[in-house]
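Asks:
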Amino acid sequence: MKMHELDNRGLIGRLRAVATLAIAAMVLGLAAMPAEAQQETPKVYYFAADGWFGKDITFTPMHEAMEEARELGADYIIIKVDVNWFQEEDPMQSEMPDDTGIFDIFGIRPIRGLFTDEGLAEWDDKPKIVFWVKNAMGSAAFLPFLSDTMYFHPEGRIGGIRGVYLRYQQGDEVVKEKLVAASLATAKGMVIDSGYEPKLIDAMARGETVLSYRLEGGRPVYLNREPESTDEFLLTNNALIDEQRDNIRDLARGRGKNFLTLRADTAQILGVSKGTVDNLDDLLFELGIIRNHEMVGDGESIMDNWTRTIERTEDALARLMREFQEIEVDGEWGDRRRARGQQRAKLQQMMGFFERYEEALEPRQIPGFQNFRSPAQVIGQFRIMLQRLELEQLADER
Amino acid sequence: MKYQLSTTARLTRGMACALALLACSQLAIAKDRVTLNDGRVVEGEIARELNGSVWVKTSDGLTQFYPASDVLRIERDVDEAGGNTPAEPGVTDPAPSEAAPEADSKPEQKRAVSPGAPRAAIITFGDADAGQGMVGTYVTAQSFREAIPLLEEENIDIVVIRINSGGGAVAELMPLSDVLHNEYKPRFRTVAWVDYAISAASLTPHTLTEHYFMRRGAYGGNTAWFGAMQAVEGRGLEDVLYMAERISERGGHDPRIIRAMQIMDPLSVDLDENGRIEAMYQNDQGEVLINPHNRVLALTSVSAQQLGFADGIADTLDELGAAMGLTEVVWVGEEVEGVSYPVSKAESYLRRFREQTARDEQRLNEYFDGYNVAIDLAQGADEDSKGKFVGFARRSLNSIVRMVDNNPNLALFQFGQSEEDFRDWVRQQEEILRNL
């Protein structure tokens, strides 16, 4: 009995001990889990900045996405950067080499404001902004530099800004240089603001920049000269020296050394990239929130809707212009008055579209508007046309 | 004992009278003396002192401002001979705390070192992000001048000019520099806060002594050009180089810095063991190369610090106040949605001015076209219907006139004529309208 009791007690005791151990293990396990698991579930807002920079990727949709993220209380905002890197008119969409591309500082400046302290001033708790780089080429090269945290896709790259020279074909050298210097100082300012090395921008944009590095304590030390020892590595050499100028073989393979293109491996070595991930789950894992996060919002829809809206607007503009040109002002006074009224309505509709989507519309690419350089020019011209319609109507006798 | 006390009292009174007479005679001939870090000595009357910065009224009647960062020593009531030690130990610290107003006996000086915190206002030098950054069109000497009474109305001590402009017209450089130098600096501690300051937008604020950079700040690229990106050359270039030298002098900056921003002249420096500039060269022989050959200089916040040009780095108002050495400061203005700093009356005026200019600039062609077409129609119309076209033309002309009333520079930059010539043209048009 005693034994039995003991046995029983022993069984109960063992069960209790097991239960206690299990609870202890759970407690210990909890303690061993990352801090994030014990905290409130972090909210993650994701969207891709893909397509054409300056058309699909502009201030308005990115602002809307950031606003939605704020309203939903996002703790992390992950933005995948993957811009088109082929000539827009190329039906084959053949990828351009790294050493081409136009860099326009005015494209990135409005977007920049979304990610600065001032831009995030409305947030109660500022989110962690994470850029995930696939194709950040041309003007989009500066998007990832707007945050101190970026990860690369295995095929990721940042570059394609040598075109800062190509943008200014005409004019005296000193004037071109002034514009280049001003653009690069502005670009470097963005890079400095996020804690990156501005010399990388010179290496990307100026062919004569010689840049090497060595690692000290895991951190890069940048050197504006060729490597002088085996622990120093060349990033770019001087394109003005004939024997160092990239040959077509290297350029075709993306191995040129005159203009820096940051790829995943180099970016990570230099500490620019915090890691290389090929899908969103891996990125969440790297961020330490894979087991405990909540995806919120629909940034993808905002960006896609914008793209569709711009496409529809371009179609509508082409149609409206066609309809406007087809209106004939003739017949009786009442017919003429009505016709002018229809013309006025078409002009006002078109002006409304250009005013609303000015940042993304390129008149030269819209049938009927090829002679206009900018939306502002269209709007100005249409205002004059509206006024003339008013005067014509005044002058038209019954 | 009573006698002794009485005697002592009389003696004390006598001494006091003698000291008072002495003080009176000293007041008649006394000067204040400010020794600057670069060795220069300025004598005159300290009209105002604020956190170590001083306004000195000199014998020629001009009042000049010296920021705390330039001031090595302040001496009060130094006699005419100049070499004597002041009666009081009047050597003050360049940055005295407000709690310790020094040996300061003049009532107006006590007011100058006020017990309250200094009042600061931010005014903007353009808004490039809104397409309103052009110097000459959106940033004008006149609008900056008209902002002064509004700053005074709010008892502003410190004006922070936040720069966000990609440049503009050479013709506006000296008028703007004159306003900053002759009208702002004597009244306010006036500092530049550099965000985006390119070309004319850096050359003009070079008039100022203090420059605080945002981390993203860019400053320079001042090459003058015209037409299809043709560089100004010959005499025209020399004129612009000389103008920049004068502006540099006003700001107390080495002219070699601005020269490297205008033409492709190199710039390098030697540093001492503390990282301070020891020597500057208009070549690449210095230890630290700031601008190589064949480049035009545009500074970042990093290179501006290397060059000793940036007085501090600040992204926020708190950081700016700290960088400026302000222990406390009142940023004057109202909260406005979408604006990250308080909007003072002066800033509000400048914003309205730019908005109106933008509207007018967009509609300029419309105003002119309306005017010309209406005149043509009026001239061809019979007497009965002429009136409606004359009325239309008059409304268009009034819009043109209002545009130049708001911004007289538009006469020059949009119509290519002086304001006087523009007013003459308007009178002629009014005559034409009357005759119609």
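First to last, the sequence lines map onto chains L and W. Everything in the first sequence is counted per my numbering, starting at 1 for the first residue and increasing by one. Everything in the second sequence is counted per my numbering, starting at 399 for the first residue and increasing by one. Using N, Cα and C, we set each Cβ at its ideal position, and we do this for glycine too.
Below 8 Å between beta carbons: does that hold for R654/W and Q680/W?
Replies: Position 256 of the second sequence, counting from 1, holds the residue named residue 654/W. Position 282 of the second sequence, counting from 1, holds the residue named residue 680/W. The answer is yes: Cβ separation under 8 Å.
Asks: Can you name, in chain order, every residue of its own chain whose Cβ lies under 8 Å from the Cβ of W333/L, other than the five neighbours on each side?
Replies: Against the first sequence, residue 333/L aligns to sequence position 333. Taken in chain order, the residues that qualify are D396, E397 and R398.
Asks: In the DSSP assignment, what are the bridge partners of F611/W?
Replies: If you number the second sequence from 1, residue 611/W lands on position 213. Partner(s): V592/W and I711/W.
Asks: By the 10 Å Cβ neighbour count, where 16 or more other Cβ atoms means buried, how is L420/W classified, buried or exposed?
Replies: For this step, residue 420/W is matched to residue 22 along the second sequence. Residue placement at L420/W is poorly supported in this model, since its pLDDT is 33, which falls under 50; the coordinates are not used for a value here.
Asks: Per DSSP, what are the beta-bridge partners of R219/L in this structure?
Replies: Taking the first sequence and counting its residues from 1, one reaches residue 219/L at position 219. Beta-bridge pairing links R219/L to E216/L.
Asks: Between the C-alpha atoms of D265/L and F145/L, what's the straight-line distance to the nearest angstrom?
Replies: Here residue 265/L corresponds to residue number 265 of the first sequence, with the count starting at 1. Here residue 145/L corresponds to residue number 145 of the first sequence, with the count starting at 1. If I take the Cα positions, the gap works out to 17 Å.
Asks: Let me confirm a value: Y640/W is counted as buried when at least 16 other C-beta atoms fall within 10 Å, else exposed. Which label applies?
Replies: For the purposes of this step, residue 640/W is taken as the residue at position 242 of the second sequence. Classification for Y640/W: exposed.
Asks: How big is the Cα-Cα spacing for L831/W and L386/L?
Replies: For this step, residue 831/W is matched to residue 433 along the second sequence. For this step, residue 386/L is matched to residue 386 along the first sequence. The alpha-carbon atoms of L831/W and L386/L are separated by roughly 23 Å.
Asks: Output the distance between the C-alpha atoms of F324/L and I521/W, rounded to the nearest integer angstrom.
Replies: What you label residue 324/L is simply residue 324 of the first sequence in a count that begins at 1. What you label residue 521/W is simply residue 123 of the second sequence in a count that begins at 1. Going by the C-alpha atoms only, they are around 46 Å apart.
Asks: Using CA atoms only, rank isn't needed, just tell me which of V476/W, D767/W and N580/W is closest to R648/W.
Replies: The residue labelled residue 648/W in the question sits at position 250 within the second sequence. The shortest Cα separation from R648/W among V476/W, D767/W and N580/W belongs to N580/W.
Asks: Taking Y594/W as the query, report the chain L residues whose CB atoms sit under 7 Å from its CB, ordered along the chain.
Replies: Within the second sequence, numbered from 1, the residue matching residue 594/W stands at position 196. Going along chain L in sequence order, the residues near Y594/W (Cβ under 7 Å) are T186.
Asks: Could you list which residues in chain W have their beta carbon closer than 8 Å to that of E177/L, in chain order?
Replies: Here residue 177/L refers to the residue found at position 177 when the first sequence is read from its first residue. The answer, in chain order, is T621, M662, N692, R693 and V694.
Asks: Counting only beta-carbon separations shorter than 8 Å, does A181/L have a partner in chain W?
Replies: Indexing the first sequence from 1 puts residue 181/L at position 181. Yes, because at least one Cβ of chain W sits closer than 8 Å to the Cβ of A181/L.
Asks: If you check the beta carbons only, do F47/L and I310/L fall under 8 Å apart?
Replies: Locating residue 47/L in the first sequence gives position 47, counting from the first residue. Locating residue 310/L in the first sequence gives position 310, counting from the first residue. Not in contact: F47/L and I310/L (Cβ atoms no closer than 8 Å).
Asks: In angstroms, rounded to a whole number, what distance separates the CA positions of F523/W and I444/W?
Replies: Residue mapping note: residue 523/W aligns to position 125 of the second sequence, counting from 1. Residue mapping note: residue 444/W aligns to position 46 of the second sequence, counting from 1. Computed Cα separation, rounded: 30 Å.
Asks: Tell me, please, whether the segment 605-613 of chain W touches the segment 694-708 of chain W by the rule of three or more beta-carbon pairs shorter than 8 Å.
Replies: Contact holds: three or more Cβ-Cβ distances are below 8 Å.
Asks: Any beta-carbon of chain L closer than 8 Å to the one on D767/W?
Replies: Position 369 of the second sequence holds residue 767/W. Yes, D767/W counts as interfacial toward chain L.
Asks: Could you tell me whether the Cβ atoms of T538/W and N805/W are closer together than 8 Å?
Replies: As a first step, residue 538/W is located in the second sequence; it is residue number 140 there, counting from the start. As a first step, residue 805/W is located in the second sequence; it is residue number 407 there, counting from the start. Yes, they are a contact pair.
Asks: Can you name, in chain order, every residue of its own chain whose Cβ lies under 8 Å from the Cβ of I327/L, other than the five neighbours on each side?
Replies: In the first sequence, residue 327/L corresponds to position 327, counting from 1. Once the five neighbours on either side are set aside, the close Cβ partners of I327/L are A339, Q342, Q343 and K346.
Asks: Is the Cβ of P375/L closer than 8 Å to any Cβ of chain W?
Replies: Reading the first sequence from its first residue, position 375 is the one you call residue 375/L. So no, P375/L is outside the interface.
Asks: If distances are taken between C-alpha atoms only, which option among F811/W, F820/W and Q827/W comes closest to R342/W?
Replies: Only positions 399 to 834 of chain W appear in this structure, which leaves residue 342/W out of reach.
Asks: Within a Cβ cutoff of 8 Å, which residues of the same chain sit near E177/L, ignoring the five residues on either side of it in sequence?
Replies: Counting from 1 along the first sequence, the entry for residue 177/L is found at position 177. Answer for E177/L: no residue qualifies.
Asks: For the beta strand (DSSP E) holding V824/W, just list the boundary residues, first then last.
Replies: Residue mapping note: residue 824/W aligns to position 426 of the second sequence, counting from 1. Counting along the chain, V824/W falls outside any beta strand (DSSP E), though it belongs to the alpha helix (DSSP H) covering E817 to N833.
Asks: From I798/W to Q760/W, what does the alpha carbon distance come to, in whole angstroms?
Replies: As a first step, residue 798/W is located in the second sequence; it is residue number 400 there, counting from the start. As a first step, residue 760/W is located in the second sequence; it is residue number 362 there, counting from the start. The alpha-carbon atoms of I798/W and Q760/W are separated by roughly 12 Å.
Asks: Let me check understanding here. Comparing Cα to Cα, which of N258/L, T149/L and L215/L lies closest to Y196/L?
Replies: Here residue 196/L refers to the residue found at position 196 when the first sequence is read from its first residue. Among N258/L, T149/L and L215/L, the Cα nearest to that of Y196/L belongs to T149/L.
Asks: Considering only residues of the segment 126-166 of chain L, which uninterrupted beta strand (DSSP E) runs meet the minimum length of 3 residues and lie entirely inside it, listed in chain order?
Replies: Segments of the beta strand (DSSP E) lying fully in the segment 126-166 of chain L: 128-137 and 150-159.
Asks: Taking the beta carbon of M173/L as the centre, do at least 16 other beta carbons fall within 10 Å, making it buried, or is it exposed?
Replies: Residue numbering aside, residue 173/L sits at position 173 when the first sequence is read from its first letter. Reading off the sequence, residue 173/L comes out as Glu, not Met. E173/L is exposed by the Cβ-count criterion.
Asks: Output yes if chain W places a C-beta closer than 8 Å to the C-beta of I384/L; else output no.
Replies: As a working mapping, residue 384/L is identified with position 384 in the first sequence. I384/L counts as touching chain W.
Asks: Would you say K786/W and L394/L are within 8 Å of each other, going by their C-beta atoms?
Replies: Position 388 of the second sequence, counting from 1, holds the residue named residue 786/W. Position 394 of the first sequence, counting from 1, holds the residue named residue 394/L. Yes, they are a contact pair.
Asks: So what does DSSP say about Y617/W, is it helix, strand or coil?
Replies: Counted from its first residue, the second sequence places residue 617/W at position 219. Note: Y617/W maps to strand in three-state DSSP.
Asks: Which residues in the same chain have their Cβ closer than 8 Å to the Cβ of T276/L, if we skip the five residues on either side of it in sequence?
Replies: Taking the first sequence and counting its residues from 1, one reaches residue 276/L at position 276. Only Y151, F152, H153, P154, G156, A264, D265 and Q268 meet the Cβ criterion.
Asks: Give me whichever residues DSSP pairs with Y739/W in a beta bridge.
Replies: Numbered from its first residue, the second sequence carries residue 739/W at position 341. None; Y739/W has no bridge partner.
Asks: Please determine, among I57/L, V44/L, E40/L and F259/L, the residue with the shortest C-alpha to C-alpha distance to R308/L.
Replies: Position 308 of the first sequence, counting from 1, holds the residue named residue 308/L. Selected option, being the one with the closest Cα: I57/L.
Asks: Using alpha carbons as the reference points, say which of D758/W, P690/W and G564/W lies closest to L665/W.
Replies: Indexing the second sequence from 1 puts residue 665/W at position 267. Nearest C-alpha to L665/W: P690/W.
Asks: Exposed or buried, which one is G442/W when buried takes at least 16 other CB atoms within 10 Å?
Replies: By 1-based counting over the second sequence, the position of residue 442/W is 44. Under this definition G442/W is a buried residue.
Asks: Say whether chain W places a C-beta atom closer than 8 Å to the C-beta of P198/L.
Replies: Against the first sequence, residue 198/L aligns to sequence position 198. Interface residue, yes.
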